[in-house]
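*Asks:* The structure's right below; bear with me while I get my questions together.
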Amino acid sequence: MYPNSYIQYLVHFHGDRDYFECHEILEEYWKETDNRNKKSVWVGLILIAVSSYHHRRNNYEGAKKTLKKGMEILEENRMKVEHLGLDVNNLFSVLEKENNRLNMSKEFSPYSLPIIDIHLKEQCLNMCYRQNMTWQSTEKDSVEIIHRHITRDRSQVIKEREDSIKKRKK
0 MYPNSYIQYL VHFHGDRDYF ECHEILEEYW KETDNRNKKS VWVGLILIAV
50 SSYHHRRNNY EGAKKTLKKG MEILEENRMK VEHLGLDVNN LFSVLEKENN
100 RLNMSKEFSP YSLPIIDIHL KEQCLNMCYR QNMTWQSTEK DSVEIIHRHI
150 TRDRSQVIKE REDSIKKRKK
């Protein structure tokens, strides 16, 4: 019913709160399925995770910019968001609250995406449990998760970028 990558995104968003991993998982899925459509619902969700990653690292400007763009894309895709088992009106209310926190330069506080589909939530909870994560965890974030972009292996990203440049030159 729902793509496994989307479920994994939700599990990380609500489980270990690894927003960088949310971004990585959904970006790969987006590239495979939506032909790099920059207005895709997947891009909107990716940007929401990226905004949370920036906010947690106190990069308020980056967080504001990505949240705003993510909200715009999700607004353009309201029906698709609904089909992804989220309560659209409540989602925008949650994101507006996050936007207000950013505008007041408040410290990051994890929030949840309003999953309205009971079966989707059950799938997420089960997967979270199988991966030894606590759903809607309030534990202090590890340094590794906070600074994920610094510690990750970027060799694949660099290779893809180089391949893309070579294609453009041809």
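Quick note on numbering: the sequence shown equals residues 0 to 169 in numbering that gives the first Met the number 0. Glycine residues also receive a C-beta, built at the ideal position from the N, C-alpha and C atoms.
1. I need the DSSP call for residue 90, collapsed to helix, strand or coil.
2. Determine the direct distance from the alpha carbon of residue 85 to that of residue 70, and round the result to whole angstroms.
3. Drop a sphere of 10 angstroms on the beta-carbon of residue 0, count the other beta-carbons inside from all chains shown, and report buried for 16 or more, exposed for fewer.
4. Helix, strand or coil: how does DSSP classify residue 85 here?
5. Would you tell me roughly how many angstroms separate the C-alpha atoms of residue 53 and residue 168, rounded to the nearest one?
6. Alpha carbons only, please: which of 81, 3 and 121 is nearest the one belonging to residue 180?
7. For residue 60, tell me which candidate among 21, 103, 88 and 136 has the shortest Cα-Cα distance.
8. I need the straight-line Cα distance from residue 146 to residue 56, nearest angstrom please.
9. In this structure, does DSSP put residue 115 in helix, strand or coil?
10. Check residue 34 in the structure and name its three-state DSSP category.
11. For residue 49, which residues in the same chain have their Cβ closer than 6 Å to its Cβ, ignoring the five residues on either side in sequence?
*Replies:* Result, derived from the coordinates:
1. Translated into the one-based positions of the sequence shown, residue 90 becomes position 91. Helix.
2. Start at 1 with the first residue of the sequence shown, and residue 70 comes out as number 71. Start at 1 with the first residue of the sequence shown, and residue 85 comes out as number 86. Rounded to the nearest angstrom, the two C-alpha atoms are 14 Å apart.
3. By one-based count along the sequence shown, residue 0 stands at place 1. Residue 0 should be labelled exposed.
4. Here the question's residue 85 lines up with position 86 in the sequence shown. Residue 85 falls in the strand class under three-state DSSP.
5. Residue 53 sits at position 54 when you count from the first residue of the sequence shown. Residue 168 sits at position 169 when you count from the first residue of the sequence shown. Cα to Cα, residue 53 sits roughly 33 Å from residue 168.
6. The requested residue 180 does not occur in the structure, where the chain is confined to residues 0 to 169.
7. In the sequence shown, the residue the question calls residue 60 occupies position 61. Looking at the Cα atoms, 103 is the closest of the given residues.
8. Working through the sequence shown from its first residue, we reach residue 146 at position 147. Working through the sequence shown from its first residue, we reach residue 56 at position 57. Caution applies to residue 146, whose pLDDT of 47 falls short of 50 and renders its modelled position unreliable; the value that the coordinates give is listed next. Going by the C-alpha atoms only, they are around 8 Å apart.
9. Walking along the sequence shown from the start, residue 115 turns up at place 116. When secondary structure is reduced to three states using DSSP, residue 115 falls in the coil class, being assigned neither helix nor strand.
10. Reading the sequence shown from its first residue, position 35 is the one you call residue 34. Coil at residue 34, not helix or strand.
11. As a position in the sequence shown, residue 49 is number 50, starting the count at 1. The answer, listed in chain order, is 22 and 65.
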